[in-house]
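Have a look at the structure below, then the notes.
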Amino acid sequence: MPARRLLVRKIREILRLRYEQGLSHREVAQACVIGPSSVSRYLQRAARHGLGWPLPAGLDDAALEARLFRRPAPVPNRTRPDCAHIHRELKRTGVTLQLLWEEYLQVHPSGYRYTQFCEIYRQWARRLRPSMRQVHRAGEKTFVDFSGKRPTLVDRRTGELRPVELFVAVLGASCFTYAEATATQQLADWVDAHIHMVEYCGGTTTLWVPDQLRSAITRPCRYEPEVNRTYADLAAHYGAVIIPARPRKPRDKALVETSVLVAQRWILARLRDQTFFELGALNRAIRVLLDELNDRPLKKLGVSRRALYEQLDRPALRPLPTARYVLAHWKLCRVNIDYHVQLERHVYSVPYQLVREQVEVRYTTTTVEIFHRDKRVASHSRRYDQQPSTVAEHMPSAHRAHAEWTPSRLIRWAEQAGPATARLVTRILESRPHPEQGYRSCLGIMQLGRRYGSGRLEAASARALALGSYRVRTVRNILAAGQDRLPLEPPAETNPTPMHANIRGANYYAATATSEEDRC
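Counting from 1, position 424 in the sequence shown corresponds to residue 424 in our numbering; the numbering is continuous, with no gaps.
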């Protein structure tokens with residue numbers, strides 16, 4: 001309590017003892033433990049301001065102080081500093097109160113001296129942003145952040161120092177701390193650090209409070225930040241909810257800011273002279289110091305963080321699920337016209353009704369899941385080749401029927417009409433660079449069989465084979481002209497070249513060529 005407020009209470013007692021009890025100045029001085037001259041001075045001050053005993057009703061200590069100790073009016077020719085301007089300028093690099101005071105005197109030479117100038121600003125700043133004391137309930141919040149100061153690894157080949165990150169987490173109620181070195185601040189390392197954190201604590205709190213870094217928050221915002229889908233998936237797996245701190249508001253997570261400082265001093269400072277070549281070795285050294293930190297008694301409370309954790313947070317933590325979280329990435333895709341979505345040079349099918357719709361793809365190293373409006377519509381095994389992953393149920397009926405045709409099935413169907421039809425279908429498939437290019441021709445022949453019957457198709461196929469034309473158009477023209485009803489004449493035999501003295505033959509030209517070579 002300020003000394004002036006105590007003095008006002010003592011003056012109130014002096015007035016009561018002097019005027020109500022009728023004590024002398026010396027007796028009042030002995031009762032109030034002050035000098036007799038001070039009693040006389042305070043009684044004279046009260047008389048000058050028209051105060052006796054009893055004091056007026058409603059005159060509290062603050063009003064009595066203002067009446068007895070009125071501050072002198074400010075000197076009229078002194079201009080009060082613009083505290084809002086001072087506050088803004090102090091945020092700029094290199095600006096100090098000394099510099100701002102000198103600039104103030106240049107404009108107002110008869111203004112306040114430096115001490116009073118600083119006091120006026122500090123009184124104004126104290127009222128500007130009061131700090132709210134946060135109450136941390138057991139098992140409620142875990143604060144997480146990366147340290148600004150980073151440990152380093154040494155490259156075995158080049159000797160180059162490679163900085164890595166220091167992940168720090170702290171439980172709100174017990175200040176139980178977890179720390180781990182990670183290679184980067186990327187999503188995979190961020191997720192792994194959280195998994196190790198909850199396993200170290202043996203459970204998880206209801207809320208996670210991270211900073212709005214890119215691995216946690218896709219779109220930073222003071223009011224409605226967009227949480228990274230993988231990070232939200234991780235929190236949901238462990239039954240937690242993510243409440244990000246406001247951007248550039250370290251007081252929202254003041255506890256972890258303090259724990260980061262403690263980790264820097266207790267862990268990084270102790271490891272400063274040690275050399276580490278691998279992340280695993282660094283984390284093993286961090287774990288030893290981390291356990292010592294949690295077992296070390298707190299100065300103000302006299303108990304360790306671990307003892308507080310066992311007493312407060314541990315009973316209130318949510319239990320861990322039976323399965324460990326598997327890192328899953330999310331990707332926003334649009335379904336192609338062939339009812340497939342592409343993921344890293346491989347395509348996966350979805351129901352054809354979702355053509356041109358926007359879907360979300362959740363993929364791990366082994367599985368691919370596709371969601372439309374938060375409902376899973378397809379699931380595939382993860383593949384890394386370029387062959388499409390297509391489920392028959394995702395295809396339209398016409399596409400499904402076409403996909404079910406194979407060369408062997410087409411030939412088996414043709415054999416039902418007759419051997420000539422089977423030979424014709426076989427020749428059609430063999431004459432194309434790829435068998436699938438002949439599927440439509442074979443389906444066209446099937447259509448002719450349904451129209452004209454198997455008998456006529458067999459006869460038309462035999463005539464097309466005789467003509468050496470393996471086309472649907474040839475078979476259609478034969479059937480349309482009724483040529484399949486005509487008897488199929490055997491091919492005429494070609495007569496060999498007759499022997500005659502005037503016919504030279506091949507031997508003559510071979511001998512002539514030899515003689516020409518000899519002459520050359």
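Beta carbons: idealized from backbone N, C-alpha and C, even for Gly. Quick caveat, the model's predicted, so the values are computed rather than measured.
Segment limits, alpha helix (DSSP H) that includes residue i
i, result
"residue 44", "36-48"
"residue 443", "439-452"
"residue 124", "114-126"
"residue 190", "187-201"
"residue 428", "419-430"
"residue 474", "472-481"
"residue 217", "Looking at the DSSP string, residue 217 is not in any alpha helix (DSSP H); the run it does join, the beta strand (DSSP E), is 217-219."
"residue 237", "229-237"
Residue i - DSSP class collapsed to helix/strand/coil
i, result
"residue 350", "coil"
"residue 178", "strand"
"residue 462", "helix"
"residue 342", "strand"
"residue 108", "coil"
"residue 160", "coil"
"residue 246", "coil"
"residue 515", "Residue placement at residue 515 cannot be trusted, given a pLDDT of 49 that sits under 50; what the coordinates show is reported in the next sentence. DSSP places residue 515 in helix when its eight states are reduced to three."
"residue 331", "strand"
"residue 184", "coil"
"residue 389", "strand"
"residue 1", "With a pLDDT of 44 at residue 1, under the threshold of 50, the modelled position of that residue is not reliable, and the figure given next carries that caveat. DSSP places residue 1 in coil when its eight states are reduced to three."
"residue 96", "coil"
"residue 258", "helix"
"residue 224", "coil"
"residue 552", "Outside the displayed span of the chain (1 to 520) sits residue 552, for which this structure offers no information."
"residue 288", "helix"
"residue 8", "helix"
"residue 264", "helix"
"residue 414", "helix"
"residue 62", "helix"
"residue 457", "helix"
"residue 469", "coil"
"residue 15", "helix"
"residue 409", "helix"
"residue 278", "coil"
Same chain only: Cβ atoms within 6 Å of residue i, ignoring 5 sequence neighbours per side
i, result
"residue 514", "Reliability fails at residue 514, whose pLDDT of 46 lies under 50, so the model's placement of it is uncertain and the value that follows must be treated cautiously. Nothing listed; no residue qualifies."
"residue 379", "369"
"residue 266", "293"
"residue 86", "100 and 121"
"residue 18", "28"
"residue 454", "417"
Beta-carbon contacts of residue i that lie in its chain and below 8 Å, excluding the five residues immediately before and after
i, result
"residue 49", "67 and 68"
"residue 230", "187, 191, 327, 328, 329 and 330"
"residue 524", "Any answer about residue 524 is impossible in this case: the structure gives the chain only from 1 up to 520."
"residue 283", "180 and 181"
"residue 517", "Any reading at residue 517 must be qualified, since the residue scores a pLDDT of 45, below 50, and its modelled position is unreliable; no value is offered."
"residue 377", "350, 351, 354, 359, 370 and 371"
Span of the beta strand (DSSP E), counted from its first residue to its last, around residue i
i, result
"residue 152", "152-154"
"residue 142", "141-146"
"residue 165", "165-171"
"residue 207", "207-209"
Neighbourhood of residue i by C-beta, 7 Å cutoff - its chain only, sequence neighbours within 5 removed
i, result
"residue 124", "83"
"residue 271", "151 and 285"
"residue 335", "341, 350, 354, 355, 356, 357 and 359"
"residue 147", "166, 168, 260, 263 and 264"
"residue 313", "138, 139, 171, 173, 174 and 176"
"residue 297", "303 and 304"
"residue 372", "354, 357 and 359"
DSSP beta-bridge partners of residue i
i, result
"residue 381", "367"
"residue 358", "334"
"residue 304", "297"
"residue 314", "In the DSSP output, where bridge partners are listed per residue, residue 314 has none listed."
"residue 375", "372"
"residue 241", "207"
Next on the checklist: Assess contact between the segment 413-424 and the segment 442-456, defined as three or more Cβ pairs (one per stretch) separated by less than 8 Å. Is contact present?
Outcome noted: In short, these stretches touch, since the Cβ pair count reaches three.
Checklist entry - Is the number of C-beta pairs between the segment 224-240 and the segment 148-166 that are closer than 8 Å three or more? => result Contact fails: fewer than three Cβ-Cβ distances are below 8 Å.
Next on the checklist: Would you call the segment 227-237 in contact with the segment 339-357, where contact means no fewer than 3 C-beta pairs closer than 8 Å?
Outcome noted: Below 8 Å, too few C-beta pairs join the segment 227-237 and the segment 339-357 to call them touching: fewer than three.
Checklist entry - Does the segment 315-325 come close enough to the segment 191-207 that 3 or more CB-CB pairs lie under 8 Å? => result Counting Cβ pairs under 8 Å, three or more are found: they touch.
Next on the checklist: If contact is defined by three or more beta carbon pairs under 8 Å, each pair taking one atom from either stretch, is the segment 419-433 in contact with the segment 382-392?
Outcome noted: No, they do not touch.
Checklist entry - If you pair each beta-carbon of the segment 237-246 with each one of the segment 210-219, do three or more pairs fall below 8 Å? => result These segments touch.
Checklist entry - Does the segment 474-492 come close enough to the segment 459-466 that 3 or more CB-CB pairs lie under 8 Å? => result Contact between the segment 459-466 and the segment 474-492 is present, with at least three C-beta pairs closer than 8 Å.
Item to check | Cβ contact check for the segment 50-64 and the segment 23-36: 3 or more pairs under 8 Å | outcome: Output reads no: the segment 23-36 does not touch the segment 50-64.
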